[in-house]
Amino acid sequence: MANLFHLSPEPNTYQGSKRPVPLHQHDSSYAHRMSEIIIALHQKGYVLDFTQDEQQQYFCVQHDQKLPCQHITIEEEYHQLNNAGMPVHVYGICCMDNGLRGILIESHTLSNNMAS
1010 MANLFHLSPE
1020 PNTYQGSKRP
1030 VPLHQHDSSY
1040 AHRMSEIIIA
1050 LHQKGYVLDF
1060 TQDEQQQYFC
1070 VQHDQKLPCQ
1080 HITIEEEYHQ
1090 LNNAGMPVHV
1100 YGICCMDNGL
1110 RGILIESHTL
1120 SNNMAS
């Protein structure tokens, strides 16, 4: 899964952007919403982690396998703003060839016709 959160070496500090935010000042609503989305997708069977490269190929982390975009369909999608106000898009995707189902987290939107 994409690394959504970067913990700084300083104790009790969360770094969601380039500027560390002390945990006691951190708005946890984004982390809570993202956790709910991921848990809901896992419960629906989207248990694998996917990434996408510049050539529009999807990579399944657990299976160490590349899949061209014409073999992938977006079945669910969620859109959030992170604490820095940047968009985060969470997709429940499925490979039509072998039924692999997983989660893709991106900073840009994907069109369903591009992925199906």
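1072 is the number that my numbering gives to position 63 of the sequence shown; each next residue is one higher, with no gaps. Ideal placement from N, C-alpha and C gives every residue a C-beta, glycine not left out.
{"query": "Run of the alpha helix (DSSP H) containing His1117, from where it starts to where it stops", "result": "No alpha helix (DSSP H) holds His1117; DSSP gives it neither H nor E."}
{"query": "Reduced DSSP secondary structure (H/G/I, E/B, other) of Pro1085", "result": "At residue 1085 the sequence reads Glu, which differs from the Pro that was named. In the structure shown, Glu1085 sits in a strand (DSSP, three-state: E or B)."}
{"query": "Cut-off 6 Å between Cβ atoms - residues of its own chain near Gly1101, not counting five sequence neighbours on either side", "result": "Leu1050, Tyr1055, Glu1084, Glu1085"}
{"query": "Backbone secondary structure at Tyr1055 - three-state DSSP", "result": "coil"}
{"query": "Beta-carbon contacts of His1098 that lie in its chain and below 6 Å, excluding the five residues immediately before and after", "result": "His1088, Glu1115, Thr1118"}
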